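Participant: Structure incoming, see below.
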Ligand SMILES: Nc1ncnc2c1ncn2[C@@H]1O[C@H](COP(=O)(O)OP(=O)(O)OP(=O)(O)O)[C@@H](O)[C@H]1O
Ligand SMILES: [Mg+2]
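Now the structure itself:
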């Protein structure tokens with residue numbers, strides 16, 4: 021059994037008012053430990069609502085959620101424990117910063133866990149390094165930082181709690197391509213280093229494709245499919261019809277394959293595509309590559 | 454908790470009540486309040502109840518919402534009820550123990566006042582349920598606009614109200630979001646003594662203030678970029694126009710008011 025499992029999970033906003041909205045509709049998923057999963061879907065498809073169930077911030081209208089085999093809301097006093105196990109980084113997390121210094125803000129989570137000062141200090145230093153915040157920034161006020169730096173501080177604040185599951189809701193929203201790549205690389209490194217489960221919510225296929233290994237597609241409050249990248253991208257037409265796109269490189273290579281060019285592998289990122297093409301060309305000896 | 458706040462919540466609809474001219478609706482609400490305060494007995498309040506039920510039925514707003522609007526003021530009702538019960542001594546004594554004395558007069562006043570407050574809240578709630586805040590401030594601006602002659606800043610005040618109302622839901626949503634985010638970091642808002650709880654609010658209030666200021670600044674900038682410079686010479690997209698239904702509603706309301714006054718004079722309960 022996986023680390024995150026849901027049984028017939030549904031959530032309704034504004035039950036009994038004219039604004040009633042089913043945001044999550046009978047969702048059954050099972051995510052294995054150590055996986056890095058992308059959750060994608062068009063805007064309003066229920067991604068943010070779904071993930072807020074995984075650490076007990078939202079109580080299911082019906083259905084069940086199990087984390088590490090334990091049912092949420094079976095025992096309310098355990099919720100806080102669960103929140104330490106499942107770290108959730110919200111959309112635009114920089115708006116939650118409040119402390120005088122970056123150091124203290126990252127310390128908020130670990131302090132709430134009741135860790136000793138030494139432990140907290142070690143974790144702050146480690147996560148600061150992971151997210152690429154230099155030691156000179158730690159004593160600055162978080163409000164003096166740039167948008168991208170603030171974002172990384174906020175993410176570090178959750179990473180420092182060393183949760184078994186890290187969930188990030190649109191961590192790259194509103195950043196420039198460079199900032200975006202930096203955050204995605206950082207998430208990948210964190211996953212590789214800690215071996216924990218990571219869920220990455222996004223509506224950019226390009227972002228998801230180059231970061232994760234499995235993809236969960238949400239459509240109109242339902243799970244459309246959950247599978248490996250290549251399985252998901254194989255259904256390009258259906259994805260397009262729900263307003264999602266397969267990454268451009270993947271499409272280019274699919275077309276090339278259809279035209280009879282042999283590739284050993286699926287292609288999800290431009291960098292990998294470049295390597296592949298260079299290798300092929302070298303093999304064929306058509307060009308001189310130095 | 455925060456989601457239970459219904460005051461100022463608007464339920465879109467197409468009923469007669471929704472379509473009344475907001476200026477007239479505001480006037481009707483004032484008349485209704487006058488009705489409640491003029492009524493000196495339970496029969497008079499009964500007329501108010503009939504008027505309120507009629508309006509609710511016409512509006513198509515579920516009666517449940519009426520009860521919901523009363524929920525936040527229950528403590529006030531209980532508090533004034535207790536004061537009335539213990540401090541008004543007239544009529545027969547029902548119960549006496551040391552200095553506590555409960556009289557029929559006190560009991561009557563308690564029930565009368567509680568009914569009046571509940572009717573007041575339900576009636577004004579219906580106004581906000583059926584009128585969008587923007588329309589409402591529009592109406593207020595129009596009603597106050599004659600005062601512009603004496604340099605009363607009617608437009609500016611209406612604009613401030615519009616903006617304030619506009620941002621209430623945004624701020625509630627924002628508070629919810631920030632609370633969730635800090636809870637995800639292990640914030641504990643529900644346990645501990647008063648001081649611990651107050652301290653636990655800091656991580657919520659600071660980001661909230663920061664974002665409120667940021668929003669205010671952005672909004673001011675955006676308004677300036679679109680050449681907003683106060684109300685002089687502004688025309689409006691939606692002109693308010695009265696229709697026959699407005700006059701009918703006004704006539705019916707005046708009838709009810711007259712009924713209350715007549716009851717006051719001829720019936721003493
Ligand atoms: N607090 C709320 N109250 C009422 N309805 C809500 C609330 N939050 C979300 N919804 C509705 O629930 C649906 C799902 O919203 P959700 O935020 O989960 O979508 P999402 O997939 O995260 O979208 P996005 O990509 O825009 O972040 C939407 O239709 C939204 O309007
Ligand atoms: Mg979202």
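Chains as they are written, first to last, in the working numbering: chain A, 21 to 310; chain B, 454 to 722.
Glycine included, C-beta positions come from ideal geometry on N, C-alpha and C.
All values derive from a computational prediction rather than experimental measurement.
Hey, could you find the ends of the alpha helix (DSSP H) residue 163 (chain A) is sitting in?
Facilitator: Start at 1 with the first residue of the first chain, and residue 163 (chain A) comes out as number 143. That residue, residue 163 (chain A), is in no alpha helix (DSSP H); it is neither H nor E in DSSP.
Participant: Can you pull out the residues from the region 114-132 of chain A whose beta carbon lies closer than 7 Å to at least one beta carbon of chain B?
Facilitator: 115, 116, 117, 118, 128, 129, 132
Participant: Less than 7 Å between the beta carbons of residue 631 (chain B) and residue 116 (chain A), yes or no?
Facilitator: As a position in the second chain, residue 631 (chain B) is number 178, starting the count at 1. As a position in the first chain, residue 116 (chain A) is number 96, starting the count at 1. The answer is yes: Cβ separation under 7 Å.
Participant: Counting pairs of Cβ atoms below 8 Å between the region 240-250 of chain A and the region 27-47 of chain A, do you hit three or more?
Facilitator: The region 240-250 of chain A is in contact with the region 27-47 of chain A.
Participant: What is the chain-ordered set of residues for which the beta carbon lies under 6 Å from any non-hydrogen atom of ligand 1?
Facilitator: A:33, A:34, A:41, A:43, A:61, A:63, A:64, A:65, A:66, A:67, A:68, A:69, A:223
Participant: Are the region 226-234 of chain A and the region 266-276 of chain A touching, with three or more C-beta to C-beta distances below 8 Å?
Facilitator: yes
Participant: Which runs of the alpha helix (DSSP H) fall wholly inside the region 62-137 of chain A and span at least 4 residues, in chain order?
Facilitator: 67-71, 99-105, 122-132
Participant: Would you decide whether residue 39 (chain A) is buried or exposed? Buried here means 16 or more other CB atoms lie within 10 Å of its CB.
Facilitator: Translated into the one-based positions of the first chain, residue 39 (chain A) becomes position 19. Classification for residue 39 (chain A): exposed.
Participant: Going along the region 569-591 of chain B in order, which residues come within less than 8 Å of chain A, judged by CB to CB distance?
Facilitator: none
Participant: Would DSSP call residue 646 (chain B) helix, strand or coil?
Facilitator: Along the second chain, one-based indexing puts residue 646 (chain B) at 193. If DSSP states are grouped into helix, strand and coil, residue 646 (chain B) belongs with coil.
Participant: When we look at the beta-carbon of residue 713 (chain B) and count the other beta-carbons within 10 Å, is it buried (16 or more) or exposed?
Facilitator: Indexing the second chain from 1 puts residue 713 (chain B) at position 260. Buried.
Participant: Could you spell out where the alpha helix (DSSP H) holding residue 283 (chain A) opens and where it closes?
Facilitator: Here residue 283 (chain A) corresponds to residue number 263 of the first chain, with the count starting at 1. Unbroken run through residue 283 (chain A): none, as it is neither H nor E.
Participant: Cα separation between residue 526 (chain B) and residue 532 (chain B)?
Facilitator: Counting from 1 along the second chain, the entry for residue 526 (chain B) is found at position 73. Counting from 1 along the second chain, the entry for residue 532 (chain B) is found at position 79. Between residue 526 (chain B) and residue 532 (chain B), the C-alpha separation is close to 10 Å.
Participant: For residue 521 (chain B), tell me which candidate among A:37, A:159, A:210, A:288 has the shortest Cα-Cα distance.
Facilitator: As a working note, residue 521 (chain B) is residue 68 in the second chain. Closest option to residue 521 (chain B), Cα to Cα, is A:37.
Participant: Return the chain-ordered list of same chain residues with a C-beta closer than 8 Å to the C-beta of residue 529 (chain B), the five sequence neighbours on each side being excluded.
Facilitator: Working through the second chain from its first residue, we reach residue 529 (chain B) at position 76. In its chain, beyond the 5 residues on either side, 570 have a beta carbon closer than 8 Å to the beta carbon of residue 529 (chain B).
Participant: Excluding the five sequence neighbours on either side, which residues of its own chain have a C-beta within less than 7 Å of the C-beta of residue 149 (chain A), listed in chain order?
Facilitator: Numbered from 1 along the first chain, position 129 holds the residue referred to as residue 149 (chain A). Cβ neighbours of residue 149 (chain A) beyond the five flanking positions: none.
Participant: Quick check on this structure: which residue in A:182, A:29, A:219 has the alpha carbon closest to the alpha carbon of residue 128 (chain A)?
Facilitator: On the first chain, position 108 is the one that residue 128 (chain A) refers to. The shortest Cα separation from residue 128 (chain A) among A:182, A:29, A:219 belongs to A:182.
Participant: Check whether chain C comes within 7 Å of residue 80 (chain A), counting only Cβ atoms and requiring the distance to be less than that.
Facilitator: Although the question refers to chain C, the structure presented lacks it and instead comprises the protein chains A and B.
Participant: Could you have a look at residue 598 (chain B) and say whether DSSP puts it in helix, strand or coil?
Facilitator: Here residue 598 (chain B) refers to the residue found at position 145 when the second chain is read from its first residue. Here residue 598 (chain B) sits in helix by DSSP.
Participant: Just verifying my parser: in three-state terms, what is the DSSP assignment at residue 40 (chain A)?
Facilitator: To locate residue 40 (chain A), count along the first chain from 1; it is residue 20. Note: residue 40 (chain A) maps to coil in three-state DSSP.
Participant: Could you please give the first and the last residue of the uninterrupted beta strand (DSSP E) stretch that includes residue 31 (chain A)?
Facilitator: Against the first chain, residue 31 (chain A) aligns to sequence position 11. Segment 24-33, the beta strand (DSSP E) holding residue 31 (chain A).
Participant: Do the region 94-107 of chain A and the region 272-279 of chain A meet, that is, are 3 or more Cβ pairs less than 8 Å apart?
Facilitator: no
Participant: So that I know if they touch, is there some Cβ in chain B lying closer than 7 Å to that of residue 38 (chain A)?
Facilitator: Within the first chain, numbered from 1, the residue matching residue 38 (chain A) stands at position 18. Output row for residue 38 (chain A): interface = yes.
Participant: Express the C-alpha separation of residue 537 (chain B) and residue 454 (chain B) in angstroms, rounding to a whole number.
Facilitator: One-based indexing of the second chain puts residue 454 (chain B) at position 1. One-based indexing of the second chain puts residue 537 (chain B) at position 84. In this prediction, residue 454 (chain B) scores a pLDDT of 42, lower than 50, which makes its location untrustworthy; the coordinate-derived value is nonetheless stated afterwards. Cα atoms of residue 454 (chain B) and residue 537 (chain B): separation of roughly 30 Å, rounded to the nearest angstrom.
Participant: Using 8 Å as the cut-off, can you tell me whether the region 462-479 of chain B makes contact with the region 696-704 of chain B, which would need three or more C-beta pairs spanning the two stretches below that distance?
Facilitator: Because the criterion of three Cβ pairs below 8 Å is met, the region 462-479 of chain B and the region 696-704 of chain B touch.
Participant: Looking at residue 168 (chain A) and residue 199 (chain A), is the spacing between their C-beta atoms short of 7 Å?
Facilitator: To locate residue 199 (chain A), count along the first chain from 1; it is residue 179. To locate residue 168 (chain A), count along the first chain from 1; it is residue 148. Their beta carbons are under 7 Å apart, which means residue 199 (chain A) touches residue 168 (chain A) by this criterion.
Participant: Between which residues of its own chain and residue 17 (chain A) is the CB-CB distance below 7 Å, once the five residues before and five after are set aside?
Facilitator: The displayed coordinates of chain A run from 21 to 310. Any statement about residue 17 (chain A) would go beyond what the structure contains.
Participant: Which word fits residue 640 (chain B), buried or exposed, when buried means at least 16 other C-beta atoms lie within 10 angstroms of its C-beta?
Facilitator: One-based indexing of the second chain puts residue 640 (chain B) at position 187. Its Cβ being crowded by 16 or more others within 10 Å, residue 640 (chain B) is buried.
Participant: Within the same chain, show all residues whose beta-carbon is closer than 6 Å to that of residue 720 (chain B), passing over the 5 residues directly before and after it, in chain order.
Facilitator: Position 267 of the second chain, counted from the start, is the residue given in the question as residue 720 (chain B). Result list for residue 720 (chain B): 496, in chain order.
Participant: Residues of chain A with a CB under 7 Å from the CB of residue 464 (chain B): which are they?
Facilitator: In the second chain, residue 464 (chain B) corresponds to position 11, counting from 1. What residue 464 (chain B) touches in chain A: 38.
Participant: Got a sec: is the Cβ-Cβ distance from residue 638 (chain B) to anything in chain A below 7 Å?
Facilitator: Residue mapping note: residue 638 (chain B) aligns to position 185 of the second chain, counting from 1. It does: the Cβ of residue 638 (chain B) has a partner Cβ on chain A nearer than 7 Å.
Participant: Between the alpha carbons of residue 22 (chain A) and residue 30 (chain A), how many angstroms are there, rounded?
Facilitator: Mapped onto the first chain, residue 22 (chain A) falls at position 2. Mapped onto the first chain, residue 30 (chain A) falls at position 10. Straight-line Cα distance between these residues: approximately 19 Å.
Participant: Count the other CB atoms within 10 Å of the CB of residue 76 (chain A); is the residue buried (16 or more) or exposed (fewer)?
Facilitator: Residue 76 (chain A) sits at position 56 when you count from the first residue of the first chain. With 16 or more other Cβ atoms within 10 Å, it is buried.
Participant: Using the beta-carbon count (16 or more within 10 Å), is residue 250 (chain A) buried or exposed?
Facilitator: The residue labelled residue 250 (chain A) in the question sits at position 230 within the first chain. That one is exposed.
Participant: For residue 694 (chain B), count neighbouring C-beta atoms within 10 Å of its own C-beta (all shown protein chains included) and say buried if the count is 16 or more, exposed if not.
Facilitator: Numbered from 1 along the second chain, position 241 holds the residue referred to as residue 694 (chain B). Answer is exposed; the Cβ neighbour count stays below 16.
Participant: Using the Cα positions of residue 179 (chain A) and residue 147 (chain A), report the straight-line distance between them to the nearest angstrom.
Facilitator: For the purposes of this step, residue 179 (chain A) is identified with residue 159 of the first chain, where counting begins at 1. For the purposes of this step, residue 147 (chain A) is identified with residue 127 of the first chain, where counting begins at 1. Going by the C-alpha atoms only, they are around 7 Å apart.
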